[in-house]
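Written below as structure tokens is the structure these notes are about.
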Amino acid sequence: MIDLHLHLDGSLAPEEIAELAKRNHVPYDPKKVRLSVDASCTSLNDYLECFAFPLTLLQNEESLEYAAYALYTRIAHQGLIYAEVRFAPQLSLNQGLSQDQVVAAVIKGYQKAHQETGIIGNFILCCMRGKDNHELNLETVKVAKRFFAKGVVAVDLAGAEALFKTNTFNQEFALAKSLGVPFTIHAGEADGPSSVWDALKFGASRIGHGVHSIEDPKLVSYLAEHQIPLEICPTSEVDTHCVKSIKDLPIREFMKAGIPITINTDDMTVSNVTLEGEFDKVMAAFDLSDEEVKTLWLNAINAAYLDPKGKALLQKKLEQRL
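Numbering (the working numbering), first residue to last: 1124 to 1445.
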């Protein structure tokens, strides 16, 4: 199994949160701290509130290393062979770390998990949507370049999509393009097709979520023609009210159009999901054949930010599992 859209801070298990709180001497009452959404969640902004407490614990190198190690080890035991875990280095600077130090720490955690489990992984660095954080975002892009092919494979833009429009972040992705750093962008999740178009104009090679692309036939055709992968996160799309139910996801429409969609978890803890569970839900909702499921896996391999040798290795591992 392969997960291309997985947030570190939204995927730490409750027991890992408890361990981090203990290590950091931070009071933690699981009855009072909201880590997962429920039926009361009304929007993406509401959903994002579940990240607040975990982020307070990811402010030093030891905690960041542990978090990456714990997540990669856990998903390896769940059967994943590859994952691209994303996080925003700029959200872990409250105790004086630089973005470089943040990234180095999570890479160290992954390397330990890789040595113990054999899982293969990389990181995507998130720029954040916000009013006054362009400088922090530009630094994130520069850090991605410094760690490029050393554990970091791309950058992203995450956060409140409807509040901070995609088209206002041109300078971040102009810089990424000039530095040769590929990027995916959260778009078409809480905003409409125009957000996806803006991401594509910047040069995004993948789209995070992209569900609202279905509302624009020209966009659907463009995504299919240019083989732009969509990182669909089924339960998350329901939790954020992108769609009412998993059956309302345009999975069949995207597949029929020839768009290479992938199935991912987004935030394992916030949405209380596993990748296997997400596939089970999609298979049941759309009555997918074994061949169609295999196509989804191959889509993920082709969409991964890996060189041909890395993709060939994943395909070999996948065939062994199948």
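Glycine included, every Cβ here is placed at the ideal spot set by N, Cα and C.
- Pairing residue 1155 with residue 1443, the inter-Cα distance amounts to about 44 Å.
- Pairwise C-beta distances place the segment 1417-1432 out of contact with the segment 1310-1325, as fewer than three of them are shorter than 8 Å.
- At least 8 Å separates the beta-carbon of residue 1128 from that of residue 1295.
- By the neighbour-count definition (other C-beta atoms within 10 Å, threshold 16), residue 1146 is an exposed residue.
- Looking from the CA of residue 1391, the closest CA among 1125, 1245 and 1132 belongs to 1132.
- Residue pairing by DSSP places residue 1330 opposite 1308 and 1353 in a beta bridge.
- In this structure the segment 1221-1237 does not touch the segment 1249-1258; the number of beta carbon pairs closer than 8 Å is below three.
- Residue environment: residue 1148 is assigned as exposed (fewer than 16 neighbouring CB atoms within 10 Å of its CB, all protein chains considered).
- With fewer than 16 neighbouring CB atoms inside 10 Å of its own CB, residue 1371 falls in the exposed class.
- When C-alpha distances from residue 1310 are compared across 1335, 1326 and 1291, the shortest belongs to 1335.
- Residue 1368 is classed as exposed because its beta carbon has fewer than 16 other beta carbons within 10 Å across all chains shown.
- Judged by their CB atoms, residue 1202 and residue 1338 are not nearer to each other than the 8 Å cut-off.
- For the options 1287, 1228, 1383 and 1231, the alpha carbon positioned closest to that of residue 1250 is the one of 1287.
- Cβ-Cβ separation between residue 1137 and residue 1153: approximately 6 Å, consistent with a contact (criterion under 8 Å).
- When DSSP assignments are scanned along the segment 1161-1216, the uninterrupted stretches of beta strand (DSSP E) that are 3 or more residues long and fall wholly within it turn out to be 1205-1210.
- Look at residue 1251 here: in three-state DSSP terms it is strand.
- Here residue 1358 really is in contact with residue 1394; their C-beta atoms are around 5 Å apart, less than 8 Å.
- If you draw a 10 Å sphere on the C-beta of residue 1186, you find 16 or more other C-beta atoms in it, and that means buried.
- The alpha-carbon separation between residue 1177 and residue 1316 amounts to approximately 31 Å.
- Cβ neighbours of residue 1378 within its own chain (closer than 6 Å, five residues either side excluded): none.
- Under DSSP, residue 1407 shares a beta bridge with no residue.
- Cα atoms of residue 1161 and residue 1134: separation of roughly 16 Å, rounded to the nearest angstrom.
- In the structure shown, the three-state DSSP call for residue 1400 is helix.
- As computed with DSSP, residue 1319 is found in no beta bridge at all.
- Counting C-beta atoms within 10 angstroms of its own C-beta, residue 1333 has 16 or more neighbours from the protein chains shown and is therefore classed as buried.
- In the three-state reduction of the DSSP assignment, residue 1128 falls in the strand class, which pools E and B.
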